[in-house]
Structures are given as structure tokens and as C-alpha cells.
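S.K.: The following block contains the structure, expressed as C-alpha cells.
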Amino acid sequence: MSPARARAGPRRPRRKDLSVNDTRFGVFLSPHRDNGLITDSAQAAESSGFDFATVQDHPYVPDFLDPYVLISHLAARTSTLRFLTDVANLPLRPAPLLAKTAASLDVLSRGRFDLGLGGGRSWPQIAGLGGPTWTPGQTVNAIDEAITVLRAMWEPRPSVTFPGTTYSLDAVATGPAPVHPVGIWLGASGPRMLDLLGRRADGWIAPLATPFETKPAAQDAIDAAARAAGRSPRDIRRVIQLVGSVTGSTAPVDLPLSGPNGRPVHANPDQWARIIAHFVTEQRFDAVNLVPERETPDQISLFGEHVIPAARRLVADQSRAA
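Take the sequence shown: its letters are residues 15 to 336, numbered as in our numbering.
Listed below in C-alpha cells is the structure:
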């Protein structure tokens, strides 16, 4: 039931029409049970200018809270902050049930939930919880089918029948319907996953596990797959995840263009703005997810109040000059 593999397409040029409001900013919130400041951190993110927060889904980690319960808790204590799973563990979250979970969160948050989706990597731990062990090809097929199932179950119809390989549904009742069209973002790095993303997904969460130097080629692969499927690459949002802290240092900071994506950035607000502007204007990301080294409300507020405005101004200035 998978569409044909996409063909290669032309390279996408640098973006020249960014507005100051195009770039979105998020913060990665740890679901660790000892993170007693997580509610304060989410509220600090909202009040200081962040657009969204992300939460990881690793149910086999003993001290991690369930991300969907946590997001429901945080959504009830915020009013504008959006939430995104980073990313849902599909082998342990069957697509029909995940559809209901996502729709329920969207209803309870009044339209503030989107679904980041991944195929899972920790196969021994997944198997230990009774989950399947998929080959890379099976993983791509499962995510492809999951996208079909999720979107079908969010439509205003009484039931869904789907004769898939991973998911086989026979007149399964739908509902509740989400408040808004829930976006499906993929955490993708391999060629087949990037191809699927370009053909079918709403956004890309660039994995921390992939080096910085692989991002441009991944962007091109997404663009090519989108064009081959008759889509505009501009319709796919892309988020770069950056680990680090805001400091008061004036020491020079190099742009993180190679090496591990998880290497921390230690920079002052102006330096952070320059780094973010590079990823937005040169590498065509339109969202930045801060992964704080020290997840405290003060550090999050510092980024929101000083880095985000500086980055928006610099992106706007560079866009006008392009």
C-alpha cells in the first residue's frame, strides 16, 4: 500500500522570503520523574516567547513519565504553548490507539498538539515490553501505514477499514475528532525515511543522533521526494535541535557545521542568534528546538527573552538583504 519511491529532483535554493514570524522556537522538556521543575519550565517557556515544547517517548526508561499524560498535565497549565512528541515510539504505540491518544490531547489542549512519529531504535528494550522487532524496511512500511491509519481515523467518518501489512483494520470506530488538523512530523535520517517524509509528512524533526554535516543532503532528499509526489517542499516544516546554554561569554563561538549534533553550544544571545540565523537562512530550517543543558526556568526564560527576539531580528534583516 506504499506509494512508489520518489525520484530525485533539483536542489532547492536558499530561502529569500522569510518574515520575522516564520521561524518557530521550541524547548525540549525532559519527562524524568525527578524533574520537579517541569511545570515551571513549560510556563516559563510560554511566558518568555517559545512557540512549542517537545517531549520524548521512551516508555522502557524506568524513571520517565508517560509523555502523553505529561503533555496533558502541561497543556492544562498553559494556554498558548503547543506540544509535539519527539518522537512517538510507534512499535509500542499501535497506530489506531495512537490516533485516539493524539486526538484526545488535541481536544483537551484546544488544538495545541501535533504528533512527532518515529520507528524506534532500542529494539531489545522494545521487545522487553512486548513490542515487535522490525527490520529497517518493515519500519518504513509501518510508519507509511501508520500515517494512513492516523489520518483516516481523524476524519469525520464512522469507521475505518484498512487492509495493511502492519495494521489491518476492519470497520474500526473512529473518534473523537481532533480540534485542528494534527500535523505528523517524522524523526527521519535514512534515505527511505526521508523519502517517505517528503512524500507524506507535515514536518521533519532532524535527529540529534545525526551529524550536522548530514543535514543539507537530508534537506535535498526531502525536497526531491516532495516534488516527485507533486508537493511543494515549502509545505514541510523542518526543525533543527540544538543542545546548549545561554552564557554571558564574549569568547568567539564557531558555527556548528560538522560533528555530533548533540555537542553543546555555549554562547551569548547575539552568538546564538547568529547560529540560528545560519540554520534558517542557509540550511532552510524554519523551527529551532532548544535542548537545554540545564533545564531550569531561568535558563529557558533567558533564551526566550533574549535569544528569540535577537534571532528573529537577524533572520528578518538577512531575509531583506538577500
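Quick reminder that beta carbons are idealized off the backbone N, C-alpha and C, glycines included.
Quick one: what does DSSP say Gly-258 is sitting in, helix, strand or coil?
M.R.: Three-state result, Gly-258: strand.
S.K.: Taking the runs of the beta strand (DSSP E) that are 3 residues or longer, which of them lie wholly in the segment 212-273?
M.R.: 217-219 and 251-260, all fully within the segment 212-273.
S.K.: With DSSP collapsed to three states, give me the class of Thr-68.
M.R.: Reduced to three states, the DSSP call for Thr-68 is strand.
S.K.: Pull the bridge partners of Asn-103 from the DSSP assignment, please.
M.R.: Paired residue(s): Gly-132.
S.K.: Nearest-angstrom Cα distance between Ile-250 and Asp-237?
M.R.: Roughly 9 Å between the two C-alpha positions.
S.K.: In angstroms, rounded to a whole number, what distance separates the CA positions of Arg-252 and Ala-220?
M.R.: Whole-angstrom Cα-Cα distance: 7 Å.
S.K.: Of all the options Gly-258, Ile-254, Ala-223 and Arg-326, which has the alpha carbon lying nearest to the alpha carbon of Gln-297?
M.R.: Out of Gly-258, Ile-254, Ala-223 and Arg-326, Ile-254 has the C-alpha closest to the C-alpha of Gln-297.
S.K.: With a cut-off of 8 Å on the beta carbons, I'd call Val-260 and Pro-270 a contact; round off their distance for me.
M.R.: 15 Å between Cβ atoms; not a contact.
S.K.: Which residue's Cα is closest to the Cα of Arg-214: Phe-226, Tyr-181, Val-154 and Asp-331?
M.R.: Ranking Phe-226, Tyr-181, Val-154 and Asp-331 by Cα distance to Arg-214 puts Val-154 first.
S.K.: Whose C-beta lies closer than 6 Å to the C-beta of Ala-281 among residues of the same chain, with five residues either side of it excluded?
M.R.: Once the five neighbours on either side are set aside, the close Cβ partners of Ala-281 are Val-267.
S.K.: Helix, strand or coil: how does DSSP classify Trp-148 here?
M.R.: Three-state DSSP puts Trp-148 in coil, outside helix and strand.
S.K.: With a cut-off of 8 Å on the beta carbons, I'd call Ala-336 and Ala-287 a contact; round off their distance for me.
M.R.: That pair is no contact at about 17 Å.
S.K.: Give me the residue from Ala-59, Ser-136, Thr-68 and Pro-73 with the minimum Cα distance to Ser-44.
M.R.: The candidate whose alpha carbon is nearest that of Ser-44 is Thr-68.
S.K.: Among the candidates Asp-77, His-72, Arg-107 and Thr-53, whose CA atom is the shortest distance from the CA of Leu-88?
M.R.: For the residues Asp-77, His-72, Arg-107 and Thr-53, the minimum Cα distance to Leu-88 belongs to Thr-53.
S.K.: Tell me, which residues are paired with Trp-199 by DSSP?
M.R.: Its beta-bridge partners are Gly-130 and Gly-217.
S.K.: So what does DSSP say about Gly-318, is it helix, strand or coil?
M.R.: It is helical.
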